[in-house]
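Just below is one structure, and these are the notes that go with it.
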Amino acid sequence: DSNTGKNKRRIELMPQVGLTINDPYVRHWAVGAEVNLWLTNRMAIGLNGTAFFGAKTAQYDRIRFQEGLLLTANKTLWQASFDYLYEPFYGKIALFNRLLLHWEAYLQIGGGAIHTQNLPRFQAVHPTPFNHITGQLNFAAGARFYVQNLDWFSINFGVRTFGFFDAYEPQNRGVSDIDNPAFDDPKVAYENAKQQPLGERLAFNVLLFIGASFYLP
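Count along the sequence shown starting at 1, add 84, and that's the number in the numbering used here.
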């Protein structure tokens, strides 16, 4: 393509940073990278991976102190997936009648693995969390912007949604009269989290990200 940095069989390297936006109780900052092989000027296959840095939000603590409730929550540690990308829309934007920007909108679908970790409700009693690694599907939509005469570089924005079945801390793991002492062992608690009446529950993680792409060769 003479207008953008992507050509058939060209390799794209895209470091990216992001922020999860759908969970009011656990917020994640994210750092990741994506590698795509462009099969045509509109289609690519690739790999992407993300490391998440999650923590309870102020709203989680507010509910804890104002309502006396301890919420059941998990944080995400990482994800990795194989993806297929297609760009159905593209065009040009003139800035101040001087700078010409090329843009492309894309859709992406993929699947792989995701790793979550529970946030114990009673951390003083249960300092060791349990981990859960499972399969995930993800869907992304985004846009790329190319600056005129820089055919090896683009700035990208997008949103990616991960869907997976997560394992949550058992309800009777705590310090109340319904506490099950066996669940003090994180391995026992994890096994129960997968087998309790609700079992593993469908969860979503929505990531808003920005990246910079470099096209080789």
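Built from N, CA and C at the ideal position, the CB exists for glycine as well.
Please read these numbers as outputs of a predicted model, since none were measured by experiment.
7 Å CB neighbourhood of residue i in its chain, flanking five on each side removed
| i | result |
| --- | --- |
| I198 | T160, Q163, T218, Q220, F246, F248 |
| R285 | F249, D250, Y252 |
| T156 | R205, Y252, E253 |
| A273 | F214, E253, P254, R257, F267 |
| L153 | I147 |
| A178 | L184 |
Buried versus exposed, by CB contacts within 10 Å (16 or more), residue i
| i | result |
| --- | --- |
| W113 | exposed |
| A287 | buried |
| V110 | buried |
| A224 | buried |
| W122 | buried |
For residue i, the three-state DSSP class (helix, strand or coil)
| i | result |
| --- | --- |
| A117 | strand |
| R285 | strand |
| D250 | strand |
| P270 | helix |
| A302 | No answer is possible for residue 302: it lies beyond the span of the chain, which begins at 85 and ends at 301. |
| P265 | helix |
| N256 | coil |
| A277 | helix |
| F293 | strand |
| D85 | Bear in mind that a pLDDT of 48 at D85, under 50, signals an unreliable position, so the number given afterwards is only what the model happens to contain. In this structure, D85 counts as coil in the three-state DSSP scheme. |
| F149 | helix |
| K92 | coil |
Spatial neighbours of residue i in its chain, beta-carbon cut-off 8 Å, leaving aside the 5 residues before and after
| i | result |
| --- | --- |
| V119 | I95, E96, L97, M98, G130, L131, N132 |
| F298 | E96, L97, M98, W236, F237 |
Residue i: first and last residue of the uninterrupted beta strand (DSSP E) it sits in
| i | result |
| --- | --- |
| Q192 | 183 to 203 |
| V101 | 95 to 104 |
| N215 | 215 to 231 |
Contact set for residue i: own chain, Cβ-Cβ below 6 Å, skip 5 residues either direction
| i | result |
| --- | --- |
| L169 | A128, Y190, Q192 |
| Y174 | E188 |
- Task: Within the stretch 121 to 147, note down every full beta strand (DSSP E) run reaching 3 residues or more, in order along the chain.
- Result: 127 to 140
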